[in-house]
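Asker: Per my numbering: the sequence shown = residues 4 to 521.
Even for Gly, the Cβ is constructed at its ideal location relative to N, Cα and C.
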Amino acid sequence: MSYCAHWLEFDCIVVGSGHAGSCAALAAVDAGCKKVLMIDKCPEAWMGGNGYFTAGAHRTVHDGLKDLLSLLATPPPANEVERIDVDPYTDADFVADIQRLGSGRADVELVDALVHNSRDAIGWLRERVGVEFTLSFNRQAYEVDGRMKFWGGMALSVKEGGKGLIRSHRKALTEAGVKVWFEARAVELTMESRSVGEAISGIVVERDGQKLVIKTRSVVLAAGGFEASREMRIKYLGEEWGNAKVRGTPYNTGDGFELARSVGARMAGDWKGCHSTAWDANASSEGGERELTNQYTKSGYPLGIMVNMDGRRFVDEGEDFRNYTYAKFGRAILQQSGGCAFQIWDGKVLNHLRKEEYGDDVVKKAWAASIEELADKLGGSEWGLENKGQFVETVREFNDAVRKGVAPGHEWNPATKDGLSTQELAIPKTNWALTIDTPALMAVKVACGITFTFGGLAIDARTAGVVSAASGKVIPGLFCTGEMVGGLFYGNYPGGSGLTAGAVFGRKAGNAAGELMS
């Protein structure tokens, strides 16, 4: 492949067409960059990166329901608003959630930047990008005593989820005059000496069989993690991760990190950690499905139990609200024999499962009138349960422990940590513990779906500028946002933080790119 010296020049080039990269491109335009180019190695049909495959959840600081209503594209009618409960979510709450789930390892400056800019970023998405926010009744609320109670510190989603989010970005990018190239791979960053030291001067892009050398003052890396590279998953996460199912785009293969390393960027964060969740065991392993997207998620486990192929429980399903545990339980499933497990419920809770995840047209189900019958069904070659006797014993022991754990004043309530727990089990269920004995019993088979990796680049929390490993200073003209940012999440993360972080640091990167124009 030959190089082609080219006269093309852009004020800012964004590598990656997802949510974070789109935020950076739009912010760069608003900050004074007149010529902005976005490139992505994926075909146009795959525009949007992992953002397309999300449910569109955004975690943000807010003052309660009235504050959130001002962000909605279509607020609920007044009579419905009167029966909605949303507690305020403070800066301290948000910071505490990230640090609690990350065992206190998250970079303090990055966390503060994310949290303190979250509400402004959501408002910007609404006003500048045209994102149609909605209250996430189907994912973050349960109806209890006639009231819709939101839980887990999060209430905002996007109309039509990730599809709606990326559609809004695409429209805004077109209106802003951002040029977008697909099937264009960034292969090299070029540098030149300036008064501030070695700085970004351009980028080399493979496109249409040629290598194009393009001049630019700034590059924003927003190319996602390495979760779609089996080789990199094995190298950094461990051998078993070769068997994880890729939830989103198959094009996040770690290319951006190699670009950054080539100019001396410092790596940061949890390179052994990732966001992974319970995923339909029958879904493709190589990438997400563009129509069903997030519907392969199977997040109803707090209402039941999860049992491995040997018939044993292996996690505390009621440890915390779903959006504080789902990003780590994929790893727990992957570590089981065969990398799979069963989620089990009975007739008492089936109406609380999300239809978009557990509908008859979405997931394969096993039905039975008793534990013994369910064990027989799951024990065949079709489902793969290896120890039917242990399965029956596990559920019986669980049911006995639930009965012993019933305490006066505690009532089952999926919208709060209700304290309904088991007793005398090696692995407890801390909340929402109900016996599994009321027909019909239902089971689905789940595997590990990997969403994104936590290791990334060290950045300046104020500007999203990439830090040099040698000098500890920002590399002039190089910025980073989205899943490529390292140091923010460790081991686990609070649901909805990723999209908000992409917007916060994308805006910082775009604004800083604009400052280079002066």
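Hey, would you say residue 73 sits closer than 8 Å to residue 50, going by beta carbons?
Answerer: Result no, Cβ atoms of residue 73 and residue 50 do not sit closer than 8 Å.
Asker: How far does the alpha helix (DSSP H) with residue 259 in it extend, from its first residue to its last?
Answerer: Run containing residue 259: 258-265, per the alpha helix (DSSP H) assignment.
Asker: Just the Cα atoms here: how many angstroms apart are residue 414 and residue 423?
Answerer: The alpha-carbon atoms of residue 414 and residue 423 are separated by roughly 7 Å.
Asker: What residue does the beta strand (DSSP E) around residue 20 start on, and which one ends it?
Answerer: Taken as a continuous stretch (DSSP letters only), residue 20 belongs to no beta strand (DSSP E), as it is neither H nor E.
Asker: Of the choices 372, 297, 139, 226, whose alpha-carbon is the least far from that of residue 166?
Answerer: When each option's Cα is compared against that of residue 166, the closest is 297.
Asker: Using a Cβ-Cβ cutoff of less than 6 Å, which residues in the same chain neighbour residue 341 once the five nearest sequence positions on both sides are dropped?
Answerer: Within the same chain, residue 341 has close Cβ partners 312.
Asker: What are the boundary residues of the beta strand (DSSP E) that residue 121 is part of?
Answerer: Unbroken run through residue 121 is the alpha helix (DSSP H), 111-127; no beta strand (DSSP E).
Asker: Under 6 Å Cβ to Cβ from residue 232, same chain only, skipping five residues before and after it: list those, please.
Answerer: These residues qualify, in order along the chain: 256, 257.
Asker: With a 10 Å radius around its C-beta and 16 neighbouring C-beta atoms as the bar for buried, classify residue 221 as buried or exposed.
Answerer: The residue is buried, with at least 16 neighbouring Cβ atoms inside 10 Å.
Asker: DSSP on residue 223, reduced to helix/strand/coil?
Answerer: Strand, per DSSP.
Asker: State buried or exposed for residue 142, treating a residue as buried only when at least 16 other CB atoms are found within 10 Å of its CB.
Answerer: By the 10 Å Cβ count, residue 142 comes out buried.
Asker: Measure the alpha-carbon distance for residue 22 versus residue 506 and round it to whole angstroms.
Answerer: The straight-line gap from Cα to Cα measures roughly 7 Å.
Asker: So for residue 429, helix, strand or coil by DSSP?
Answerer: Correct three-state label for residue 429: coil.
Asker: With residue 204 and residue 191 assumed to form a contact (beta carbons below 8 Å), what rounded beta-carbon distance in angstroms separates them?
Answerer: 11 Å between Cβ atoms; not a contact.
Asker: Under a CB-based cut-off of 8 Å, is residue 62 close to chain C?
Answerer: Within the model displayed, chain C is absent; a lone protein chain is all it includes.
Asker: Would you call the CB atoms of residue 467 and residue 455 closer than 8 Å?
Answerer: No, they are not a contact pair.
Asker: Hey, quick one: how far does the beta strand (DSSP E) through residue 311 stretch, first residue to last?
Answerer: First-last of the beta strand (DSSP E) with residue 311: 308-311.
Asker: Is the beta carbon of residue 161 sitting closer than 8 Å to the one on residue 52?
Answerer: No.
Asker: How many Å lie between residue 447 and residue 249 at the Cα?
Answerer: Cα-Cα distance, rounded: 19 Å.
Asker: Report yes if the CB atom of residue 378 is closer than 8 Å to the CB atom of residue 394, and no otherwise.
Answerer: Result yes, Cβ atoms of residue 378 and residue 394 sit closer than 8 Å.
Asker: Spell out a yes or no on whether the region 173-191 and the region 27-45 are touching, meaning 3 or more CB-CB pairs, one atom from each, closer than 8 Å.
Answerer: With a cut-off of 8 Å, the region 27-45 and the region 173-191 count as touching, because enough Cβ pairs lie within range.
Asker: Helix, strand or coil, according to DSSP, for residue 171 in the structure here?
Answerer: Correct three-state label for residue 171: helix.
Asker: Could you tell me which residues DSSP pairs with residue 456 in its beta bridges?
Answerer: Bridge partners of residue 456: 277.
Asker: Quick test of the definition: if touching needs 3 or more C-beta pairs under 8 Å, does the region 323-341 touch the region 269-284?
Answerer: Yes, the region 323-341 is in contact with the region 269-284.
Asker: Between which two residues does the alpha helix (DSSP H) holding residue 235 run?
Answerer: Segment 233-239, the alpha helix (DSSP H) holding residue 235.
Asker: Decide if the region 300-314 is in contact with the region 367-375; the criterion is three or more beta carbon pairs, one per stretch, under 8 Å apart.
Answerer: The answer is no - the region 367-375 does not touch the region 300-314, with fewer than three Cβ pairs under 8 Å.
Asker: Pick out whichever of 102, 121, 107, 61 has its Cα sitting closest to the Cα of residue 138.
Answerer: Nearest C-alpha to residue 138: 61.
Asker: Under the three-state reduction of DSSP, which class applies to residue 396: helix, strand or coil?
Answerer: Of the three classes helix, strand and coil, the one that applies to residue 396 here is helix, per DSSP.
Asker: Can you say whether residue 81 is buried or exposed, counting buried as having 16 or more other CB atoms within 10 angstroms of its CB?
Answerer: Its Cβ having fewer than 16 others within 10 Å, residue 81 is exposed.
Asker: Does the beta-carbon of residue 477 have 16 or more other beta-carbons within 10 angstroms, so that it is buried, or is it exposed?
Answerer: Flag for residue 477 reads buried.
Asker: Going by C-alpha distance, which of 375, 75, 120, 87 is nearest residue 94?
Answerer: When only C-alpha atoms are compared, the closest one is 120.
Asker: Going by alpha carbons, who is nearest to residue 443 out of 110, 502, 349, 501?
Answerer: Considering only alpha carbons, the answer is 349.
Asker: Ignore the nearest five residues each way along the sequence and tell me which others in residue 239's own chain have a CB closer than 6 Å to its CB.
Answerer: Hits under 6 Å: 274.
Asker: Assuming contact is defined by CB atoms lying nearer than 8 Å, are residue 496 and residue 104 in contact in what I supplied?
Answerer: Their beta carbons are under 8 Å apart, which means residue 496 touches residue 104 by this criterion.
Asker: Taking the Cβ atom as the reference point for each residue, do residue 225 and residue 485 lie within a distance shorter than 8 Å?
Answerer: The answer is yes: Cβ separation under 8 Å.
Asker: In the DSSP assignment, find the unbroken alpha helix (DSSP H) run with residue 153 in it and report its ends.
Answerer: Taken as a continuous stretch (DSSP letters only), residue 153 belongs to no alpha helix (DSSP H), being part of the beta strand (DSSP E) at 150-153.
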